[in-house]
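Notes follow once the structure below has been shown.
Okay, here's the thing in structure tokens:
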């Protein structure tokens, strides 16, 4: 396979053009798992996880869709007449979002747009996108940054899945037990994407339980206002608001 730094973005762009080939997720120890494919990443609202559907009513004002992918969330918010901007670090992913109809898409890493974040009322990280922060220490730093650059009334709707009950992609009981032995967070997984003839670079992704998220957030300026969830093995969305001093 040819190495590439934007394998998943390439998959998103192909799916936006009507492709159906599924991506493969490979873990550092050789474990592989078929990905979610276009049925999930281009899903209409009725096919979203229950927690995401429930959380829509908490999104207000100007919205930044962080890690927007092909734009399924931004498109639904546009349909609801919210002012939304999609943000994705992947050039191909950003192209996919535009192709699917997202009106405004920024192609940039989150930390490079921190000065613009103050113009948003709500930040959205659906699709298990708490994981983009890779590890608890970096997540703590990034949420602290977001607290400094957002208004006092800002909200974050962020999604994750507990690593303990079998619902988190590429996460198995022996793997999180090994994480504990290595001194890593239980839900921290090192993976790469394979798609078509492409093989991506390794990256870390982080799954957390609601309690673990609460621990990460301590001291960042954010608190969990509510948790929207169904069963323990399915994703949940945490609605975060600013700590009141």
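Residue numbers (our numbering): 64 to 308.
By construction, the Cβ of each residue, glycine as well, lies at the ideal position given by its N, Cα and C atoms.
Per the C-alpha coordinates, the member of 293, 150, 126, 136 positioned closest to residue 182 is 126. Listed in chain order, the non-local C-beta contacts of residue 287 below 8 Å within the same chain comprise 273, 276, 277, 280, 301, 302, 303, local neighbours out to five positions each way being set aside.
DSSP, read as helix, strand or coil, puts residue 307 in coil.
Residue 194 and residue 269 do touch by the CB rule: their CB atoms are close to 5 Å apart, below 8 Å.
Residue 224 places its beta carbon less than 8 Å from that of residue 231.
Note on residue 265: under 16 other CB atoms within 10 angstroms of its CB, so exposed under the neighbour-count rule.
According to DSSP, residue 299 shares a beta bridge with 223. Residue 239 holds the alpha-carbon nearest to the alpha-carbon of residue 248 among 256, 239, 110. In the displayed model, residue 85 falls within coil according to three-state DSSP, outside both helix and strand. DSSP places residue 127 inside the beta strand (DSSP E), whose first and last residues are 125 to 129. The C-beta separation of residue 133 from residue 75 comes to about 5 Å, placing the pair in contact by the 8 Å criterion. When the five nearest sequence neighbours on each side are left out, the beta carbons in the same chain lying within less than 8 Å of the beta carbon of residue 208 are those of 174, 177, in order along the chain. Sequence-distant Cβ neighbours of residue 105 in its own chain, meaning closer than 8 Å and more than five residues away, are 78, 79, 133, 135, 163.
For residue 141, the enclosing alpha helix (DSSP H) begins and ends at 135 to 142. When C-alpha distances from residue 118 are compared across 234, 170, 293, the shortest belongs to 293.
Apart from sequence neighbours up to five positions away, the residues of its chain that approach residue 229 with a beta-carbon distance below 7 Å are 296, ordered along the chain.
Under the three-state reduction of DSSP output, residue 215 falls in the coil class, being neither helix nor strand. Of the candidates 263, 111, 267, the residue whose Cα lies closest to the Cα of residue 71 is 263. When the beta-carbon positions are compared, residue 185 and residue 123 come within less than 8 Å of each other. The alpha carbon of residue 212 has as its nearest neighbour, out of 170, 93, 107, 283, the alpha carbon of 283.
Selection 210, 103, 198 evaluated against residue 179 yields 210 as nearest (Cα-Cα). Sequence-distant partners of residue 113 (beyond 5 residues in either direction) whose C-beta falls short of 6 Å from its own C-beta, in its chain, are 293.
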